[in-house]
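Residue 579 in our numbering sits at position 64 of the sequence shown, with consecutive numbering throughout.
Where is the CB? At the ideal position from N, CA and C, for every residue including glycine.
None of the values given here were measured: they were computed from a predicted structure.
Take a look at the structure below.
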Amino acid sequence: MNDFFEGLIPIMGILATFGIPGVIIIWYIYTKHREKMRLIESGLSPEEVKAYFSESEKKPKNPYTTLKWGILFLFFGIGIILANVVHTVYDLDEGFAFGVVLICGGLGLLVYYSIVQKKLKDQDKISESKVNLS
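Put into structure tokens, the structure is as follows:
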């Protein structure tokens, strides 16, 4: 009987790995469809429903997203290296290493914020000078 349950472990793992995301995707599609149907039933035309969903799903693109992820991963890498060095030299706990990695990630986000703020201020100055010239 015990061998039976041990044989089920990999099967359940595979089913859970692929089944749970599949259920989430199907549920998302189902709720979107149900929302569209309710909007059509309330009197909106299909074209208006399509326009409603296309406007609500568009988000303004952040031109600095790649910069954010690059700086974040750079600082995470620095944190991992620093944590390994400190762990090797001082033989500290693994929890300390985890904290160093998170602190370096936070520092990376702060560096990203300061860079973006500087760039936005520079863009504002440029746009103000263009307005003053015209």
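Per-residue DSSP class, three states only, for residue i
i	result
K634	helix
Y628	helix
I545	A quick correction: the sequence has Tyr, not Ile, at residue 545. Reduced to three states, the DSSP call for Y545 is helix.
P561	helix
N517	helix
N599	helix
Buried or exposed by the 16-neighbour rule on C-beta atoms within 10 Å, applied to residue i
i	result
F590	buried
G592	exposed
G623	buried
Residue i vs residue j beta-carbon contact at 8 Å
i	j	result
I586	V626	yes
L582	Y567	no
Any chain C beta carbon closer than 8 Å to residue i
i	result
I541	Of the chains in the structure shown, none is chain C; there is only one protein chain.
Residues of its chain near residue i, where Cβ-Cβ distance is below 8 Å and the 5 sequence neighbours each way are ignored
i	result
I618	G594
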